[in-house]
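Q:
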Amino acid sequence: MTHRLQIVNIDDGTECGVNERGEIQLRSPTVMVGYFNRPYETAQVKTEDGWLRTGDIGYVDDNGFIYVVDRVKELIKVSGFQVAPAELEDILLKHPAIREAAVVGVPDEEGGEMPKAFIVTRDGTHISEQEVNDYMKDKVSHYKYLRGGVSFLSELPKSPVGKVLRRSLRDENQARSCVTVK
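In the working numbering, the protein residues as written are 5 to 186.
(1) Specify the secondary structure class of residue 140 as computed by DSSP and reduced to three states.
(2) Skipping 5 residues on each side, what residues in its chain have a beta carbon closer than 6 Å to that of residue 170?
(3) What are the start and end residues of the alpha helix (DSSP H) that includes residue 95?
(4) Residue 104 and residue 89 - do their beta-carbons sit closer together than 7 Å?
(5) What did DSSP end up calling residue 163 once you bin it into helix, strand or coil?
(6) Name the DSSP bridge partner or partners of residue 120?
(7) Can you tell me whether residue 61 is buried or exposed, with buried defined as 16 or more other CB within 10 angstroms of its CB?
(8) By the 10 Å Cβ neighbour count, where 16 or more other Cβ atoms means buried, how is residue 40 classified, buried or exposed?
(9) Among all the DSSP beta bridges, which residues are the ones paired with residue 86?
(10) Compare the beta carbon distance of residue 56 and residue 35 with 7 Å and say whether it is the shorter of the two.
(11) Cα separation between residue 183 and residue 167?
(12) With a threshold of 8 Å, are at least 3 pairs of Cβ atoms found where one atom belongs to the region 126 to 142 and the other to the region 153 to 167?
(13) What residue does the alpha helix (DSSP H) around residue 149 start on, and which one ends it?
(14) How many Å lie between residue 11 and residue 67 at the Cα?
(15) Out of 149, 26, 124, 160, state which residue places its alpha-carbon closest to the alpha-carbon of residue 73.
(16) Tell me the DSSP secondary structure of residue 133 in three-state form.
(17) Measuring only the C-alpha atoms, how far is residue 117 from residue 147?
(18) Tell me which residue opens and which closes the alpha helix (DSSP H) that residue 46 is part of.
(19) When DSSP builds the beta bridges, which residues end up paired with residue 76?
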């Protein structure tokens, strides 16, 4: 029985090389054929040549180990570029003043979306939005800058199992950007 895995570029579907991030796809006799009586949903997760789109972003390292680093649906689309929130969060979490961080895409009239960070600082520390941006500047490409801003929270909204509720962060951002005109 043959089980296969490939990692493909999200934009053009070409196979990724070693240490290149892309969508993880599987093909095997044990992988589902499709959703029963749901052709549209099946077409969303199966390629024409039979690969199952897992929705996971990952890569294979030099030793052949597979790493899952994000979800396709969480990617932020910035002026045609795909930005993985987990990549930015990993960098933010290396700052000594940052205890928790979550990054989401917020609307941008020019480029579709832009990254915005929600940060919880460590007790007894303080960091400004400018300090966060300065910290990130030499660590990421220009399109990954936190152009959507930085918000500081006392805690991140989480599910009962501890998963960050990104939708709540997007909703909070939307509520803050709405202005009532009388």
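Just so you know, even glycine gets a beta-carbon here, dropped at the ideal spot from N, CA and C.
A: Result, derived from the coordinates:
(1) The residue given as residue 140 occupies position 136 in the sequence shown. DSSP places residue 140 in helix when its eight states are reduced to three.
(2) As a working mapping, residue 170 is identified with position 166 in the sequence shown. Cβ within range, chain order: 108.
(3) On the sequence shown, position 91 is the one that residue 95 refers to. From DSSP, the alpha helix (DSSP H) with residue 95 extends over 89 to 96.
(4) On the sequence shown, residue 89 is found 85 positions in, with the first residue counted as 1. On the sequence shown, residue 104 is found 100 positions in, with the first residue counted as 1. No; because the gap between Cβ atoms is not below 7 Å, this pair is not in contact.
(5) As a first step, residue 163 must be located in the sequence shown, where it is residue number 159. Correct three-state label for residue 163: coil.
(6) Translated into the one-based positions of the sequence shown, residue 120 becomes position 116. Beta-bridge pairing links residue 120 to 108.
(7) Within the sequence shown, the letter at position 57 stands for residue 61. With 16 or more Cβ atoms within 10 Å of its Cβ, residue 61 is classed as buried.
(8) The residue labelled residue 40 in the question sits at position 36 within the sequence shown. Per the 10 Å Cβ criterion, exposed.
(9) Taking the sequence shown and counting its residues from 1, one reaches residue 86 at position 82. Note: residue 86 sits in a beta bridge opposite 81.
(10) As a working mapping, residue 56 is identified with position 52 in the sequence shown. As a working mapping, residue 35 is identified with position 31 in the sequence shown. Yes; because the gap between Cβ atoms is below 7 Å, this pair is in contact.
(11) In the sequence shown, residue 183 corresponds to position 179, counting from 1. In the sequence shown, residue 167 corresponds to position 163, counting from 1. Residue placement at residue 183 cannot be trusted, given a pLDDT of 47 that sits under 50; what the coordinates show is reported in the next sentence. Looking at the two C-alpha atoms, the distance is approximately 30 Å.
(12) yes
(13) Taking the first residue of the sequence shown as 1, we reach residue 149 at position 145. That residue, residue 149, is in no alpha helix (DSSP H); it is neither H nor E in DSSP.
(14) Here residue 11 corresponds to residue number 7 of the sequence shown, with the count starting at 1. Here residue 67 corresponds to residue number 63 of the sequence shown, with the count starting at 1. Cα to Cα, the separation comes out at about 15 Å.
(15) Mapped onto the sequence shown, residue 73 falls at position 69. For residue 73, the nearest C-alpha among the options comes from 26.
(16) Looking up residue 133 in the sequence shown gives position 129. In the structure shown, residue 133 sits in a helix (DSSP, three-state: H, G or I).
(17) Translated into positions along the sequence shown, residue 117 becomes position 113. Translated into positions along the sequence shown, residue 147 becomes position 143. Approximately 10 Å between the Cα atoms of the pair.
(18) Indexing the sequence shown from 1 puts residue 46 at position 42. Unbroken alpha helix (DSSP H) run through residue 46: 43 to 49.
(19) Position 72 of the sequence shown, counted from the start, is the residue given in the question as residue 76. According to DSSP, which records beta bridges pairwise, residue 76 is partnered with nothing at all.
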